[in-house]
Each structure stands twice: as structure tokens, then as C-alpha cells.
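Peer 1: Below are the C-alpha cells for one structure; questions will follow.
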Amino acid sequence: GFLQYIEEEVLDRDLDCLITATTCLKQCDLGPIMVIQPENWWFKGVDSEEAIDAILDGLAEGEPAADYLITNKE
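Count the sequence shown with this note's numbering and you get residues 339 to 412, in order.
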């Protein structure tokens, strides 16, 4: 599934990350959710390899993937 894909992509991109699955993050209408800490970036709609790639590309560049970033307006 997506967790394995994320783990493989993080290794391929040589990102220094701890990956863990979690229970509900109380964002049901926006899920699935990915959270990057310590930046406190919350991403919505993480339901495809395309979304994961965009988020991990942004992480590697130090910028959040704007198309998936949850803002205070949501």
C-alpha cells in the first residue's frame, strides 16, 4: 500500500525521516492525511503516488507541496 511506497521513496530520495502510521487525525473530510514534523506541515488528499511524490519532492526542497497543504482556511 501507500505506507510501503512512502518508505521506499524516502529511502530512494535519501531523506532523513521516521515514518509511522497513526490513528485518526480528526481531518476526516480532507483525508488521507500526511503530517511532516517538526515543520508541522499537514497534507490532504494523500491518496495517490502522485500526491506522495509531490509532497516528498517538496520536503527534499524544503518547501511544502502547496497543492496538498492544509491551510487555516480549511
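All C-beta atoms, glycine included, are put in the ideal place defined by N, C-alpha and C.
Count the other CB atoms, across all protein chains shown, that sit within 10 Å of the CB of I357; report buried if there are 16 or more and exposed otherwise.
Peer 2: Answer is exposed; the Cβ neighbour count stays below 16.
Peer 1: List in chain order: all unbroken alpha helix (DSSP H) runs of 4+ residues lying wholly within the stretch 356-411.
Peer 2: You should have 387-399.
Peer 1: Spatial neighbours of V373 within its chain, please: CB distance less than 6 Å, with the 5 preceding and 5 following residues excluded, ordered by chain position.
Peer 2: Result list for V373: W380, in chain order.
Peer 1: Measuring CA to CA, which of N378, K382 and E345 is closest to L353?
Peer 2: Checked all of N378, K382 and E345; the closest Cα to L353 is E345.
Peer 1: What does the alpha-carbon distance come out to for the pair E388 and G369?
Peer 2: Rounded to the nearest angstrom, the two C-alpha atoms are 15 Å apart.
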